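Counting from 1, position 53 in the sequence shown corresponds to residue 53 in UniProt numbering; the numbering is continuous, with no gaps.
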Amino acid sequence: MPEQRSLADPEPWLLELFGASPATSGVAVTPLAALSVPAVRTAVELLAGVLGTLPCKAYQPADNGGREPAPDHPVHALVHRDANDWTSAGALRSQLTIDALLQGGGFAYANRGTDKRVVEFIRLTPTAVTVEIDERTGEPVYRYRENTTEKLYSFRDVLHVRPLASLNGITGQAPVKTAREAIALCIVAEQYMAKLMASGGRPSGILSFPQKLGAEVAKRIKASWQAATSGAASGGTAVLEEGGTFTPLAFTSVDAQFAEMRAFQIVEIARAFNVPPTFLADFSRATWSNITEANRQLVTFSLMPWIRGWEAAYRRVLLTEEDRLAQISIEFVVDGLLQGNASERATAISQFRSAGVMTANEARRLENLPAMPDGDKLENPFTTSGKSASPKTEETKPDA
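Listed below in structure tokens is the structure:
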């Protein structure tokens, strides 16, 4: 006879099948359960939100040897404006980043037209995608199951983004999965605090009676006590019968350090998602100077790996061989994130202008100001020419 098990206590492999990671504390950390932790939700929305709002453009070589935006290139519209008729390019990036953070990978099918160009991206449910490795070529193949149908897609037809952490270089490890113990501890601590508040914010106690109570009497006294001292009636006065006495329990040392433990868990989650703790509203060690540095760290160490991953995913799917030969590139514009305050920007622009690196109109574009008619000259505004100086006259010596 086959062994039977109750779904009330499922095996770990069954939890993994449905996207849940069992923790030592007994909590099944599903993506939805993880998002119930405020620190996790903030970290996910921070990374996905910034990646969704950053401009992404196609670039082409310029006549002067540099490069310039290519707004008329067919790739530009997909990365800068709309991914499909109902989803903007930024909204798709945000959703696929969320999928990657919670499930380990974000996927979108690249639907191509008659000219083999991608005309739209269609998001694929991450739990329905299985990434397989072709034994002959080593290339990833994407198996997508939807209802009763199954499709195989080439790696050139699937926009795939993932966290940096990976065991095989192709599929990613979701922070929600790898940090499940830290997240589960947050969930358990939240539940513990909620139950403590329901009992009036005080530890429980012991009801003692001089004689043995029957089952029905004990049940009735317990219900009466809870009704008078917990929930909305917390702090009320209870009446004990049968000569009973109440002995309160004292807080343990673990209870006394509860606040410190919860604060530490915020830092742990910040580490799991690779974001500075100040962006999860932990300002315990924040100062004016290190908050400014945290902004730079967010761009350099937190966002840049995701930005480079997105750029590579776009290039892999969107650029044809002709595009690569024409040196078409796809890049995010991060200048806005790296800008300092007004004083820092003014100092940097002044230095660029005096060094002959930037024209006046280029500087004005950084500040969203209109161009000037004579602002395209590359000159140092802090030096004056000799045109306006008074002419020198020869000094005549008096006759001897």
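A virtual CB, placed ideally from N, CA and C, is assigned to each residue, including glycine. None of the values given here were measured: they were computed from a predicted structure.
Open item on the list: Given a cut-off of 7 Å on the beta-carbon distance, is the pair Arg145 and Gly105 in contact?
Closed with: No, Cβ-Cβ distance for Arg145 and Gly105 is not below 7 Å.
Task: Coarse secondary structure for Leu96, derived from DSSP in three states - done: Correct three-state label for Leu96: helix.
Task: Strand pairing of Ser154, partner residues [DSSP] - done: Ser154 pairs with Val141.
Task: beta strand (DSSP E) segments (min. 3 residues) lying fully within the segment 28-89 - done: With a minimum length of 3 residues, the continuous beta strand (DSSP E) runs that stay inside the segment 28-89 are 56-61, 67-69 and 82-84.
TODO: Quick one: measure Cβ to Cβ for Ala184 and Val27, integer angstroms, because I've assumed they're closer than 8 Å.
DONE: Right, the Cβ-Cβ distance comes to about 4 Å (below 8 Å), so this counts as a contact.
TODO: Return the first residue and the last residue of the alpha helix (DSSP H) that Ala270 is part of.
DONE: Counting along the chain, Ala270 sits inside the alpha helix (DSSP H) bounded by residues Phe258 to Phe273.
Task: Bridge partners - Ile206, DSSP secondary structure assignment - done: In the DSSP assignment, Ile206 is bridged to Thr247.
Task: Own chain partners of Pro126 with C-beta closer than 7 Å, once the 5 adjacent residues on each side are dropped - done: Closer than 7 Å at Cβ, skipping near neighbours: Asp99, Gln103, Gly105, Gly106 and Phe107.
- [ ] Report the residue from Glu311, Gln265, Pro373 and His76 whose alpha carbon sits nearest the alpha carbon of Arg180.
- [x] For Arg180, the nearest C-alpha among the options comes from Gln265.
Open item on the list: So Leu298 and Pro276 are supposed to be a Cβ contact under 8 Å. How far apart are they, rounded?
Closed with: Contact flag correct, Cβ pair sits at about 6 Å.
TODO: Compare the Cα-Cα distances from Ile170 to each of Glu139, Gly66, Thr178 and Ala189 and report the closest residue.
DONE: Considering only Glu139, Gly66, Thr178 and Ala189, the residue with the shortest C-alpha distance to Ile170 is Glu139.
TODO: For the beta strand (DSSP E) holding Asn380, just list the boundary residues, first then last.
DONE: Asn380 -> no beta strand (DSSP E), and no H or E assigned at all.
- [ ] State the beta-bridge partners of Glu146 as determined by DSSP.
- [x] Answer by DSSP bridge pairing, in chain order: Thr149.
Open item on the list: If the criterion is Cβ atoms closer than 7 Å, does the pair Val188 and Pro31 meet it?
Closed with: With contacts defined by Cβ atoms closer than 7 Å, Val188 and Pro31 do not form a contacting pair.
Task: Simplified DSSP state of Phe301, which is helix, strand or coil - done: Helix.
TODO: Quick one: using the 10 Å Cβ neighbour count with 16 as the cut-off for buried, is Thr24 buried or exposed?
DONE: Exposed: under 16 other Cβ atoms inside 10 Å.
Open item on the list: Suppose contacts are defined by Cβ-Cβ distances below 7 Å. Is Leu159 in contact with Ala110 by that definition?
Closed with: Against a cut-off of 7 Å, the Cβ pair of Ala110 and Leu159 comes out as a contact.
Open item on the list: Quick check on this structure: which residue in Gly336, Ile307 and Trp306 has the alpha carbon closest to the alpha carbon of Asn295?
Closed with: Proximity to Asn295 across Gly336, Ile307 and Trp306 peaks at Gly336, based on C-alpha coordinates.
Open item on the list: For Phe121 and Leu54, which I take to be in contact (beta-carbon distance under 8 Å), what is that distance rounded to the nearest angstrom?
Closed with: That belief does not hold up - the Cβ atoms of Phe121 and Leu54 are roughly 17 Å apart, past 8 Å.
Task: Contact check, Leu378 vs Thr359, beta carbons under 7 Å - done: Yes, the pair counts as a contact, with Cβ atoms nearer than the cut-off.
Open item on the list: Runs of 3 residues minimum, wholly inside the segment 107-138: which ones carry the beta strand (DSSP E) assignment?
Closed with: Runs of the beta strand (DSSP E) lying entirely within the segment 107-138, each at least 3 residues long, are 118-124 and 129-133 in chain order.
- [ ] Express the C-alpha separation of Ala346 and Asn380 in angstroms, rounding to a whole number.
- [x] C-alpha separation (whole angstroms): 15 Å.
Task: Ile330 and Arg316 closer than 7 Å at C-beta - done: The answer is no: Cβ separation not under 7 Å.
Task: Distance CB(His80)-CB(Cys56) smaller than 7 Å - done: Their beta carbons are under 7 Å apart, which means His80 touches Cys56 by this criterion.
TODO: Could you name the residues that DSSP lists as bridge partners for Glu311?
DONE: Partner residues in a beta bridge of Glu311, as assigned by DSSP, do not exist.
Task: Cβ distance (whole Å) where Ala263 is taken to contact Asp282 below 8 Å - done: Contact holds; Cβ gap of about 7 Å.
Task: Cβ neighbours of Lys151 in the same chain (closer than 7 Å, five flanking residues each side left out) - done: Same-chain partners within the cutoff: Tyr144.
- [ ] Quickly, what does DSSP pair Ile330 with across the bridge? List them, please.
- [x] Answer by DSSP bridge pairing, in chain order: Ala58.
- [ ] Counting only the same chain and skipping the five closest in sequence on each side, list residues whose C-beta sits under 7 Å from that of Ser354.
- [x] Here the set comprises Asn380 and Phe382.
Open item on the list: Suppose the cutoff is 8 Å on Cβ atoms and the five residues either side in sequence are ignored; what does the same chain contact list for Leu47 look like?
Closed with: Cβ within range, chain order: Thr97, Leu101, Phe273, Val275, Ser302, Leu303 and Trp306.
Open item on the list: Please return the same chain residues whose Cβ sits closer than 7 Å to the Cβ of Asp9, not counting the five positions on each side in sequence.
Closed with: Low local confidence applies: a pLDDT of 46 at Asp9 is under 50, so the model's placement there is unreliable, and no value is given.
Open item on the list: Quick check on this structure: which residue in Gln191, Gly244, Ser224 and Trp225 has the alpha carbon closest to the alpha carbon of Pro210?
Closed with: The residue with the shortest Cα to Cα distance from Pro210 is Gly244.
- [ ] Go through its chain and collect everything with a Cβ distance to Val119's Cβ below 7 Å, but skip five positions before and after it.
- [x] Cβ neighbours of Val119 beyond the five flanking positions: Asn111, Arg112 and Gly113.
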